[in-house]
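The opening position of the sequence shown corresponds to residue 1 in full-length UniProt numbering, with each subsequent residue numbered one higher. For every residue, glycine included, the Cβ atom is placed at its ideal position computed from N, Cα and C. Here is the structure we will look at, set down as structure tokens.
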Amino acid sequence: MLQHIKLWLTRRNNMKRIILIMLAVIWLIPGAAFAHSKIEQATPAVDETVTASPAQISLSFNTDIEKLSTFKLLNAAGEQVATDEVVVDGKTMSGAVPAALENGIYTVKWAIIGADGHAIEGDYSFTVNAPEAAASEQPASASPSPESSSTPDAAASESPALETASPAASAVPATDTATQTEGKASSSTTSVIIIVVVILLIAVIAAAARRRKK
């Protein structure tokens, strides 16, 4: 009888342990699930249709994300659209779109490293449906005004005067050259005269010395 009671108590204790373990697991699983980062807000929003090309793409999450997190923008053909460098700040990452987007469906593919260290990926789409510019708004080609048409004639009439004045300007270097030549000639003549005078003086002194010796 005592053995049956002990066996029953042992089984009961084991059941309690099993139940406690199961409750702990049930309590921990939702906590682990909630710890994963997930997207909370996006600009443009998920499945939103915008009537103007967005200036930037911005994604916000429920937890802080690591600096290595990033995203890329794809058009309807699956081709990547250029965006500026993705900036991560706390729970948000964003990147500017430098060029205007054409009308169509676009997909944002994002990849983050969440607060728990897990890598998480996802994507969403939005549509650009900007109104086309009216043909009447396009500027018409401006016809030349009378003032602008007369400008070439005036320029043409002024050009002969400039051409006429150019020979006078070209004559200036010739005058300078002649002046330089005359200066050189006069300086060389002066040098010759000085040399001749020196030679004559030497000859006179030599003749006088000979006379004294005699």
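Check whether the stretch 120-127 touches the stretch 37-54, taking contact to mean three or more Cβ pairs, one atom from each stretch, closer than 8 Å.
-> They touch, by the three-pair rule.
Cβ shell of Lys72 (< 6 Å), same chain only, five flanking positions each side left out | Within the sequence shown, the letter at position 72 stands for residue 72. Within the same chain, Lys72 has close Cβ partners Gln80 and Lys109.
Looking at C-alpha atoms only, which residue of Pro44, Thr107 and Gln3 is the closest neighbour of Gly78?
-> Numbered from its first residue, the sequence shown carries residue 78 at position 78. Taking only the C-alpha atoms, the option nearest Gly78 is Thr107.
Ala42: which of Val50, Phe61 and Ala55 sits nearest, CA to CA?
-> As a first step, residue 42 must be located in the sequence shown, where it is residue number 42. Selected option, being the one with the closest Cα: Phe61.
Residue from Asp89, Ala76, Ile202 and Val88 with nearest C-alpha to Phe126 = Taking the sequence shown and counting its residues from 1, one reaches residue 126 at position 126. Taking only the C-alpha atoms, the option nearest Phe126 is Ala76.
Looking at the structure shown, is Ile5 part of a helix, part of a strand, or coil, going by DSSP?
-> Mapped onto the sequence shown, residue 5 falls at position 5. Ile5: helix per DSSP, three-state reduction.
Is the beta carbon of Ser58 less than 8 Å from the beta carbon of Ser94?
-> As a first step, residue 58 must be located in the sequence shown, where it is residue number 58. As a first step, residue 94 must be located in the sequence shown, where it is residue number 94. Yes, they are a contact pair.
Have a look at the DSSP bridge pairing and note the partners of Thr119.
-> In the sequence shown, the residue the question calls residue 119 occupies position 119. It should be noted that the sequence gives Ala, not Thr, for residue 119. Here Ala119 is bridged, per DSSP, to Ile113.
Which runs of the beta strand (DSSP E), 3 residues or longer, sit entirely within the UniProt domain "CopC" (36-128)?
-> Taking only runs of at least 3 residues, the beta strand (DSSP E) segments lying wholly in the UniProt domain "CopC" (36-128) are 39-43, 56-61, 70-74, 87-89, 92-96, 104-113 and 119-128.
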